[in-house]
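**Q** Have a look at this one.
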Amino acid sequence: MLVKMVMELEDVPGQLLKGLEPIARYGGNIKSIMHQRERKTPLGRLPVMLIFEVRDQATLKRILAALKEAGIRVTQLGEREGEILTTVLLVGHIVHTDIRHTIDQLNAIKGVTVSELNLAVGSMGRESSARMTIAANDRELAQLAISRLQTIAEKKGLLLVTSVEAI
Amino acid sequence: MLVKMVMELEDVPGQLLKGLEPIARYGGNIKSIMHQRERKTPLGRLPVMLIFEVRDQATLKRILAALKEAGIRVTQLGEREGEILTTVLLVGHIVHTDIRHTIDQLNAIKGVTVSELNLAVGSMGRESSARMTIAANDRELAQLAISRLQTIAEKKGLLLVTSVEAI
Amino acid sequence: MRIIIIGFGNLGRGICRAFVEKADFLKRAHGLVPRVVAVADEFGAAVDEKGLDLPRLLKIAEGSGTVVGYPGGKRGKLALDLIDEVSADVVFELTPTNIRTGEPGLSHIKRAMQAGKHVITSNKGPLVVAFKELDALAKKQGVEFRYSASVGGAVPVIGLAKKLLSGNEISEIRGVLNGTTNYILTRMSAEGLPQEIIIREAQELGLAEKDPTLDIDGIDTACKVTILANSVLGINAKLSDVKVVGIRRITPEATRLAHEAGQMIKLVGIARRDRLEVGPKLVPQGHPLAVGGTLNAVTFKLDLAGEISITGFGAGPKETSSSLLGDLIDIHRTLGG
Amino acid sequence: MRIIIIGFGNLGRGICRAFVEKADFLKRAHGLVPRVVAVADEFGAAVDEKGLDLPRLLKIAEGSGTVVGYPGGKRGKLALDLIDEVSADVVFELTPTNIRTGEPGLSHIKRAMQAGKHVITSNKGPLVVAFKELDALAKKQGVEFRYSASVGGAVPVIGLAKKLLSGNEISEIRGVLNGTTNYILTRMSAEGLPQEIIIREAQELGLAEKDPTLDIDGIDTACKVTILANSVLGINAKLSDVKVVGIRRITPEATRLAHEAGQMIKLVGIARRDRLEVGPKLVPQGHPLAVGGTLNAVTFKLDLAGEISITGFGAGPKETSSSLLGDLIDIHRTLGG
């Protein structure tokens, strides 16, 4: 699950580490850090925007408690749904084998959406290609969508090309 | 020296190799090959566009002779001048140290032209940065331009950042 | 060191050329004086226990296609007999690969080991068919058995894992292990040409075999995955354990769609303890496996070092002789001979 | 194997943690049972010829900042005396680097060699100051001397060159060899922030030293270039032979201008027989040296293999223990002990 969080830190050394430590301690995987030094708060604090991944809601609660204990003020918190984007290719007689049905099968998984489809129709007699972007709420759901798609592709005689970083 | 050449080959296996061999034999460094299969000549020949680098005019003549001997028809031939493009960065008080003079010094080398300059003026009191693209007729001239620029940069207190692939 | 070379195609000639050109270097840097005492090809053999005149041998072989014309050459002489009869320290087994039977390389290697000779090979066949048997036989006979050139060409994939990353437990090996398919995919993506045309041109340029089936269908990569699984991961894996998909169905449109999304299609071999696989994969630009042309690249996942990747040329007789020579120097060092 | 560890900061603790966590693996895969018989830090030493209880030692050191509190610990005990008095096979020299004098590491290493003990070090100081002397002393005393961790962190740069590419003549080594500056340049380019802010954040994240001068000014990279020149190219080079330019003058605008032209600015170290150099260079995207974050990357130019590149993490106690452990396993193998 991806979390977007803005915390306010005092502008003295060591503060960033103090804010990151609780996230790391509970296995949070930090994706990006953005300091906004030019946008100090009236109290002279620095807003820091973080995006990180955590296992579940319970873990996030533990992190929030630890931050509070450390005296760190969290000013914004948003769970970013549908934020695991996975790109795959399909090669074969995609249209003939009813791409709509393929997409519906994926969209039927709660927390999974086919967010983009680019189709390149092959020249006469040749196979077509499609690039599909799948949005999922977390890594497990993304994986489930891929394995569902693998099953569909095999049934329909399509070649599925997944990311080298996917399991 | 970069050469652009179009040769016509018969559409049977082995022809491409036959056309490339003389270039390789005389140390030509092939940069790109473009078949234009859809544009067959009325005689059913395939035009192939090549860009390659050779040491000098004499070598090119030897290659042309060898191609003729091998029965390969060369239909277009162009020496591409100013085709070795080198990008460098300069950091320092570029404007104050007279960038015009720096450029003139390079342009004074025959076969070398400063073809592009992008200047990012630093904020108050900070050093500026510039990206310069230098076009040279061959590798030796490009190298000469870089070492000339190095001397100028040292004299003017500028930092010169060259390509990792430059000597 | 006295050397027998079995198979005198591109690789056999390549290593001999390296012996000639680098004689001074090998002596100065490693105290190594390679003496080729016998060479066999499919037609017969050339033998000289005092050491063959390699420039002369190369000239004869390039002219006539066989070493038999070398003074005193033995037409019809069998490699197996040569291995038994000629006294030597190391046998280079460099015959063509047969992935079903492993022959004739498999018999050559066994015979050499039985005769107490060390073996260096680039031949995937025997390794795919009988890795465990050969590994055990080498240990039993107390001889060295090296096959760096069988995976990665000039890229020392196996040595890196076994010698330099030895403190790590390796959980996964992923690699672009076939230069031909990588060349094809790179050009398809860059030029939008159909596969057949690029294959034909690759054949004309000597970058693809006359029958490129083993490359295109991923079998060559699967062989390398099998060898890595056995030699690096210590799994007793067979070629049939690898789930293989080739690149035949990849169209120029597919490479374009990938490119538009900042990705490249690469034929990737994956070896893990729970899964052996070969197939086209999307690789993001800037990824260690996003190498172009005929390059090979391999990434190891490691418990201590995290991830280590290595890249270089996967084929070519000169490039491959880097690995063959590395094996020879290593045996020379190990034995102190 | 009986081991003495001199210096018990991040690296000393890191290798001990690896000994604990990987005890089964080391025994099973390599028949290696590391027994740490003495550890010295700046305050004193802990000694047990039967082998220290490492989990206990780590807990004490992490609590009190020194090993002196270990049962029977000797406050004020000098490392030099320890090296002489305690019977051991290998000494790990892991004290902080001093690039001017090489001390205290230099004295530790010499004393260990004189006492007939093998030496493994990550310490650049002694190597930069006295490479030739130490190399000669090791040979004279017949001991092994390994320093894989001194260049590249977890990336086995020296081993790759010396062990796996040994058949090649190496004409050039180029590398991104400093993780801190690479992290700074990567973030400058991605976020357009000024150097000072990123340095401060890197310090807060533990990615930069309190005094990052040696990194920023290219001195750390120059040390690594010096070590590569000596160990791999066989040149008797000194740190002062390296022409060094750091990254201090690189502005966010410069990284942006580079980015717009499809290039990245990297601090690159170059070692050739005719030139030793460190400086910011433009590296095209997709180039083997175009690695981001704290990654290190090295490319070798070779007469046979053409070009081989290797990439991985250049720092971190766990990552570096990959190299330290690799050296230990290699010594264990070499000695067959």
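For the record, the sequence lines run as chains A, B, C and D.
Numbered per full-length UniProt numbering, the first sequence spans residues 1 to 167.
Numbered per full-length UniProt numbering, the second sequence spans residues 1 to 167.
Numbered per full-length UniProt numbering, the third sequence spans residues 1 to 337.
Numbered per full-length UniProt numbering, the fourth sequence spans residues 1 to 337.
Glycine included, every Cβ here is placed at the ideal spot set by N, Cα and C.
Computed from a predicted structure; not experimentally measured.
Write down the C-beta distance between residue 245 of chain D and residue 278 of chain D rounded to the nearest angstrom, noting that I regard them as a contact closer than 8 Å.
**A** 7 Å
**Q** Is the region 265-284 of chain C close to the region 176-190 of chain C, with three or more CB pairs under 8 Å?
**A** Touching, yes.
**Q** With a CB to CB cut of under 8 Å and the five nearest residues on each side skipped, what residues in its chain are close to residue 157 of chain A?
**A** 92, 93, 97
**Q** Interface residues of chain B around residue 282 of chain D at Cβ under 8 Å?
**A** 87, 88, 89, 161, 162, 163, 164
**Q** Where does residue 112 of chain A fall in DSSP's three states?
**A** The answer is strand: DSSP assigns residue 112 of chain A an E or B state.
**Q** Taking Cβ positions only, does residue 120 of chain B come closer than 8 Å to chain D?
**A** yes
**Q** In the DSSP assignment, find the alpha helix (DSSP H) that holds residue 20 of chain C and state where it starts and stops.
**A** Note, residue 20 of chain C: alpha helix (DSSP H), 10-21.
**Q** Just mark residue 322 of chain D as buried or exposed, buried being the case when its beta carbon has 16 or more other beta carbons within 10 Å.
**A** buried
**Q** Under 8 Å between the Cβ atoms of residue 318 of chain C and residue 304 of chain D?
**A** yes
**Q** Figure out for me which residue from C:20, C:53, C:88 has the closest Cα to the Cα of residue 2 of chain C.
**A** C:88
**Q** Let me check one thing: in DSSP terms, what residues is residue 85 of chain B bridge-paired to?
**A** B:135
**Q** Could you check the C-alpha separation between residue 290 of chain C and residue 300 of chain C for me, to the nearest Å?
**A** 15 Å
**Q** Just the Cα atoms here: how many angstroms apart are residue 156 of chain C and residue 165 of chain C?
**A** 12 Å
**Q** Are the CB atoms of residue 106 of chain C and residue 130 of chain C nearer to each other than 8 Å?
**A** Yes; because the gap between Cβ atoms is below 8 Å, this pair is in contact.
**Q** Counting only Cβ-Cβ distances shorter than 9 Å, please list the residues of the region 274-298 of chain C near chain B, keeping chain order.
**A** none
**Q** Once DSSP output is grouped into helix, strand and coil, what is the label at residue 337 of chain C?
**A** Only weak support is given to the placement of residue 337 of chain C: the predicted model assigns it a pLDDT of 49, under 50, and the value that follows is read from those uncertain coordinates. Correct three-state label for residue 337 of chain C: coil.
**Q** Along the chain, where does the alpha helix (DSSP H) that runs through residue 22 of chain B open and close?
**A** 15-25
**Q** Under 8 Å, with one C-beta from each stretch per pair, do the region 215-223 of chain D and the region 252-261 of chain D reach the 3-pair mark?
**A** no
**Q** For residue 63 of chain A, count neighbouring Cβ atoms within 10 angstroms of its own Cβ and tell me buried if that reaches 16, exposed if not.
**A** buried
**Q** Please report the straight-line C-alpha distance between residue 37 of chain D and residue 98 of chain D, rounded to a whole angstrom.
**A** 26 Å
**Q** Please report whether the beta-carbon of residue 2 of chain C lies at a distance below 8 Å from any beta-carbon of chain A.
**A** no
**Q** Between residue 166 of chain B and the ligand ZN, is there a pair consisting of the residue's CB and a ligand heavy atom that are separated by less than 7 Å?
**A** Because no ligand of any kind appears in the structure shown, any question about the ligand ZN cannot be addressed here.
**Q** With burial defined as no fewer than 16 other Cβ atoms inside 10 Å of the residue's Cβ, what is the status of residue 63 of chain D: buried or exposed?
**A** exposed
**Q** Would you kindly work out how many angstroms separate the C-alpha atoms of residue 337 of chain D and residue 44 of chain D, rounded to a whole number?
**A** Unreliable positioning characterises residue 337 of chain D in this predicted model, as indicated by a pLDDT of 48, which lies under 50. The coordinate reading is nonetheless provided below. For residue 337 of chain D and residue 44 of chain D, the distance between alpha carbons rounds to 30 Å.
**Q** Using a Cβ cut-off of 8 Å (strictly closer), state whether residue 85 of chain D contacts chain A.
**A** no
**Q** Counting contacts by CB-CB distance shorter than 8 Å, is residue 260 of chain C in contact with chain B?
**A** no
**Q** The region 201-212 of chain C: which residues have C-beta closer than 9 Å to a C-beta of chain B, in chain order?
**A** From the region 201-212 of chain C, only 201, 203, 204, 205, 206 have a Cβ closer than 9 Å to chain B.
**Q** Which of the three DSSP states is assigned to residue 8 of chain B in this structure?
**A** strand
**Q** Taking CB distances under 8 Å as the criterion, tell me whether residue 169 of chain D reaches chain C.
**A** yes
**Q** Could you run through the region 143-159 of chain B and flag, in chain order, every residue whose CB is less than 8 Å away from some CB of chain C?
**A** none
**Q** Exposed or buried, residue 314 of chain D, counting other C-beta atoms within 10 Å across all chains shown (16 or more means buried)?
**A** Counting Cβ neighbours within 10 Å, residue 314 of chain D comes out buried, since at least 16 surround it.
**Q** Against residue 173 of chain A, what residues of chain D qualify as contacts under a CB-to-CB distance less than 7 Å, listed in chain order?
**A** Since the first residue shown for chain A is 1 and the last is 167, residue 173 of chain A is missing from the structure and cannot be characterised.
**Q** For residue 130 of chain B, tell me which candidate among D:251, D:10, D:140 has the shortest Cα-Cα distance.
**A** With distances taken between Cα atoms, residue 130 of chain B lies closest to D:251.
**Q** Taking only the alpha-carbon atoms, compute the straight-line gap between residue 99 of chain B and residue 308 of chain D and give it to the nearest angstrom.
**A** 40 Å
**Q** Ordered along the chain, which non-local residues of its own chain (more than five positions away) have a Cβ less than 6 Å from that of residue 87 of chain B?
**A** 133
**Q** In chain order, what residues of the same chain have a beta carbon less than 7 Å from the beta carbon of residue 148 of chain A, not counting five sequence neighbours either side?
**A** 105, 106, 109
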